[in-house]
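To start, the structure itself, in structure tokens.
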Amino acid sequence: MMDRKFAVAAWIAFSCSAMLLVGCGGSDSGETATDSTTPSVTADESDSQVDGTEPETKAAEWENSEQPAVGIKPKEKSVDWEISLRSTDKAGYDSVLKESVGKVVLVDFWGSWCAECMKGFPHTVELSRKYREQGLRVVSYSIEFDEENGAKQALEFLKKTDATLIENLTSSKDYEATFDAFELTSLPEYRIYDREGKLVKTFNNDDNVEEGPTFDHHDIEAAIREALGLPAEKDSAEKEAEAEKPSE
């Protein structure tokens with residue numbers, strides 16, 4: 007009988023290589039998560055930086071890099087441009103949430119091997135900029151299938167999308183243990199926490215993997231506005247109607 011972990015890995019690799027736009031699934035195990043080898047791009051500690059480049063070098067790298075992902079305008083190149091990726095586990099994630107009490111938190115669970123995750127990530131970057139002043143903190147948590155190179159690929163993608171206002175984390179455990187620890191069954195998944203640290207909304211495609219996404223970035227933004235205590239944003243039709251009203 008095929009080894010369970012190998013079977014899950016093969017299923018994920020097949021699904022994502024087909025570039026499905028319905029999200030990328032993960033482990034459906036109910037077993038307790040256990041420690042495993044930390045990706046080689048990180049240090050031995052549970053929390054470590056997948057970056058050590060000086061800002062001046064980062065700016066030079068940006069000059070020679072490929073164009074950023076579609077839909078994202080790169081920030082002005084300067085020595086202040088700095089994006090890092092911190093390796094941590096569920097305990098480290100919980101610490102970030104604890105430190106964020108007083109703010110609304112959006113968490114984007116994604117992976118550099120997941121086409122749907124990367125397609126939606128520019129919207130996460132946009133939200134981090136749009137609602138920062140209103141009290142939104144955005145956290146990205148990458149779960150990598152390739153333990154050797156995944157974190158490096160994730161960091162490269164974060165740089166291209168200019169995720170400078172996001173707390174960027176990556177799992178220090180293997181993907182299967184991480185899926186179990188966070189009770190995930192598919193990616194991407196978005197979680198929204200209120201100012202008291204309570205989980206108030208979750209967006210995923212667990213129940214409709216074959217039918218396609220049942221939510222989009224507009225739904226996520228609406229939930230964020232509600233958590234921030236902001237009125238619902240007017241849709242394009244309402245904005246056009248207001249613009250056509252004669253001035254008094």
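Per the numbering used here, the very first residue in the sequence shown carries number 7; after that it's consecutive. All C-beta atoms in this analysis are idealised placements derived from N, C-alpha and C, irrespective of residue type, glycine included. From a predicted model like this one, the values you see are computed outputs, not experimental measurements.
Alpha-carbon to alpha-carbon, residue j and residue i
i    : j    : result
K240 : T130 : 20 Å
D225 : E132 : 14 Å
V110 : S118 : 25 Å
Y199 : A229 : 10 Å
K104 : V206 : 15 Å
T258 : L190 : Here the chain comprises residues numbered 7 to 254, so residue 258 is not present and cannot be evaluated.
L171 : I149 : 20 Å
L236 : F221 : 20 Å
Y137 : N155 : 32 Å
L175 : D213 : 26 Å
Y99  : E227 : 22 Å
F188 : T208 : 12 Å
C123 : K165 : 16 Å
H223 : P128 : 10 Å
For residue i, the nearest candidate out of the options (CA to CA)
i    : options                   : result
R201 : I89, L142 and G98         : L142
N211 : G98, T94 and W116         : W116
E153 : S93, K136, G98 and H223   : S93
E232 : Q140, N155 and A121       : Q140
D186 : S146, K96 and T167        : K96
A121 : H223, L161 and L193       : L193
K179 : K204, F151, H223 and V102 : F151
I89  : K204, A169, H223 and F188 : A169
S177 : R135, P128 and Y147       : Y147
Burial state of residue i (16 or more Cβ within 10 Å)
i    : result
G126 : buried
A238 : exposed
V255 : Nothing in the structure corresponds to residue 255, since the chain is present only between 7 and 254.
T167 : buried
K158 : buried
K204 : exposed
Inter-residue CB distance, residue i and residue j (contact presumed, cutoff 8 Å)
i    : j    : result
V113 : Y196 : 7 Å
A160 : L234 : No, A160 and L234 are not in contact; Cβ-Cβ is about 28 Å, not under 8 Å.
E173 : V107 : 14 Å between Cβ atoms; not a contact.
Beta bridge counterpart(s) of residue i as assigned by DSSP
i    : result
V145 : V113 and E173
I198 : L112 and K207
T184 : For T184, which the question treats as bridged, DSSP gives no partner whatsoever.
T167 : Partner(s): none; T167 has no beta bridge.
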